[in-house]
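Note that the sequence shown covers residues 4 to 335 in my numbering.
The beta carbon of each residue, even a glycine, is placed where N, CA and C say it ideally should be.
Owing to the predicted nature of the structure, the values given are computational and were not obtained by experimental measurement.
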Amino acid sequence: MADEQIGPDNDHVEMDERDDDSALGDDMSTLTQSVRSSIYEGRYENGRRYHVYKDGKYFMPEDEIEQERMDMQHHAIITTLGRHFFSPVENPARILDLGCGTGIWAIQVADDHPDAEVFGVDLSPMQPSWTPPNVKFEIDDVEDAWTWPENHFSLVFSRLMISGSIQNLAKYTQQIFRHLSPGGYFESQEVQIRLGNDIKDIPEEDPLPLWCKYMRESIGEMGRTLAPDLDQIGVEMRNAGFVDVVVRPFKLPLGTWPKDKRLKQGGSAQLVALYQGLQSISLALFTRCLGWSPEEVEVFLAQVRKDMMAKSRQGFYFYSAVIYGQKPPRDD
Numbered sequence: 004m005a006d007e008q009i010g011p012d013n014d015h016v017e018m019d020e021r022d023d024d025s026a027l028g029d030d031m032s033t034l035t036q037s038v039r040s041s042i043y044e045g046r047y048e049n050g051r052r053y054h055v056y057k058d059g060k061y062f063m064p065e066d067e068i069e070q071e072r073m074d075m076q077h078h079a080i081i082t083t084l085g086r087h088f089f090s091p092v093e094n095p096a097r098i099l100d101l102g103c104g105t106g107i108w109a110i111q112v113a114d115d116h117p118d119a120e121v122f123g124v125d126l127s128p129m130q131p132s133w134t135p136p137n138v139k140f141e142i143d144d145v146e147d148a149w150t151w152p153e154n155h156f157s158l159v160f161s162r163l164m165i166s167g168s169i170q171n172l173a174k175y176t177q178q179i180f181r182h183l184s185p186g187g188y189f190e191s192q193e194v195q196i197r198l199g200n201d202i203k204d205i206p207e208e209d210p211l212p213l214w215c216k217y218m219r220e221s222i223g224e225m226g227r228t229l230a231p232d233l234d235q236i237g238v239e240m241r242n243a244g245f246v247d248v249v250v251r252p253f254k255l256p257l258g259t260w261p262k263d264k265r266l267k268q269g270g271s272a273q274l275v276a277l278y279q280g281l282q283s284i285s286l287a288l289f290t291r292c293l294g295w296s297p298e299e300v301e302v303f304l305a306q307v308r309k310d311m312m313a314k315s316r317q318g319f320y321f322y323s324a325v326i327y328g329q330k331p332p333r334d335d
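Here it is, written out as structure tokens:
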């Protein structure tokens, strides 16, 4: 398959030396309404609101602060990559977004493909009620058995799901494969919580690299990873039956240091998303898995934010990749 470029040249990102940017009748109806209300109300922990469906499975909150962070993270990745997906699917009939979050990716893709049905699924009911007519959101656990038909979707998409959410990668890819139409594609966009820098060494005991380490250690206590082997994702896809699998690494800049305008904008958005959302990402993991108090978390995160700003012009990035592959078409 011919190489495709991800946004601007992202293998070597040039520093900007001039950068100075800073059915039971009424009883069942009542029960159903009660359950729905409880799901939408959420559960509060250390001042943040978390999902109640499959309570505790996901470590990040679902409140308005977190929704803003998720949309900013989406902006950072979309700006860096330059498109919503890379899979060469033509005229998709049905698209599925796994772990859709606020629904921003699904809504934008539905606008771009008005003839397609777009489905989004998440543990949290944080999606808007006003959407394009071709979008539908569902609350469910993507690691459970799917109720959708097999051989059904033209494109299945997930972003930052293998990194942080999925416990069994082989099962995940196999289930996606079964529910894709022959000739359909699966695409995963993943970002590791692991810093890179092409021009200087990374001081591992500085607050920001140390935060990355603590994040990886704490999620490990939940049987998941925040630094998945990006090539191994491709291996598991091939094992599940996918063909023409592409693993295309890219660098997600942290800060305003890239010279390229698009990457500078993407890096700026990533800096904002991480700086403002640091508590969202860290609080539950550090208190539940590492045994820290909320006060200890806040003291440490203040140091991380300071270090993050200092490093925002020094060429730091997160290792990332777009991975996609095709379910073999039917033989005519």
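Beta-carbon separation (whole angstroms), residue i vs residue j, contact threshold 8 Å
i, j, result
"F319", "F245", "That pair is no contact at about 33 Å."
"L255", "Q268", "In fact, because the Cβ distance is near 12 Å, the residues do not count as touching under 8 Å."
"L288", "S221", "4 Å"
"S285", "T228", "Contact doesn't hold; Cβ gap of about 16 Å is too wide."
"Q178", "D247", "No, Q178 and D247 are not in contact; Cβ-Cβ is about 20 Å, not under 8 Å."
"R251", "A230", "R251 to A230, Cβ: 18 Å. No contact."
"N137", "P117", "6 Å"
"R316", "G258", "6 Å"
"G223", "Y322", "Rounded, the Cβ-Cβ distance is 18 Å, inconsistent with contact."
"V300", "T290", "6 Å"
"S168", "Y61", "7 Å"
"H155", "R97", "6 Å"
Buried or exposed (CB count within 10 angstroms, at least 16 for buried), residue i
i, result
"T150", "exposed"
"R333", "exposed"
"E69", "buried"
"Y47", "exposed"
"G360", "Beyond the ends of the chain as shown, which are 4 and 335, falls residue 360; an answer cannot be given."
"A148", "exposed"
"D100", "buried"
"W260", "buried"
"D125", "buried"
"I110", "buried"
"P331", "exposed"
"A243", "buried"
"A173", "exposed"
"I202", "exposed"
"W108", "buried"
"G50", "exposed"
"H87", "buried"
"S296", "exposed"
"G102", "buried"
"S132", "exposed"
"Q195", "buried"
"Q130", "buried"
"E153", "exposed"
"G104", "buried"
"H182", "buried"
"E65", "buried"
"P91", "exposed"
"G226", "exposed"
"Q36", "Interpretation of Q36 is limited by its pLDDT of 42, a score under 50 that renders its predicted location unreliable; the figure taken from the coordinates is listed afterwards. Classification for Q36: exposed."
"E298", "exposed"
Counterpart residues of residue i in DSSP-defined beta bridges
i, result
"E120", "R97"
"I142", "D125"
"I3", "Missing from the structure shown is residue 3; the chain here goes from 4 to 335 and no further."
"F180", "For F180, which the question treats as bridged, DSSP gives no partner whatsoever."
"S166", "Looking at the DSSP assignment, S166 forms no beta bridge with any residue, so it has no partner."
"G199", "Y320"
"E336", "For the chain, the structure presents residues 4 to 335; residue 336 sits outside this window and is missing."
"F156", "L183"
"S161", "L101, S191"
"M18", "P261"
Min CB distance residue i to chain C below 7 Å
i, result
"Q170", "Any reference to chain C falls outside this structure, which holds one protein chain only."
**Asked** Does the segment 204-218 come close enough to the segment 295-312 to have 3 or more Cβ pairs within less than 8 Å?
**Response** yes
**Prompt:** Can you give, in chain order, each stretch of the alpha helix (DSSP H) that sits fully within the segment 239-301 and has at least 4 residues?
**Reply:** 264-291
**Request:** Check whether the segment 70-83 touches the segment 277-290, counting contact only when three or more Cβ pairs, one atom from each stretch, lie closer than 8 Å.
**Result:** yes
**Prompt:** When the Cβ atoms of the segment 182-192 are set against those of the segment 159-170, are three or more pairs found closer than 8 Å?
**Reply:** yes
**Request:** Please confirm if the segment 231-242 is in contact with the segment 50-57, defined as three or more CB-CB distances below 8 Å between the two stretches.
**Result:** no
**Request:** Flag this pair as touching only if the segment 134-146 and the segment 74-88 have three or more C-beta atom pairs under 8 Å; answer yes or no.
**Result:** no
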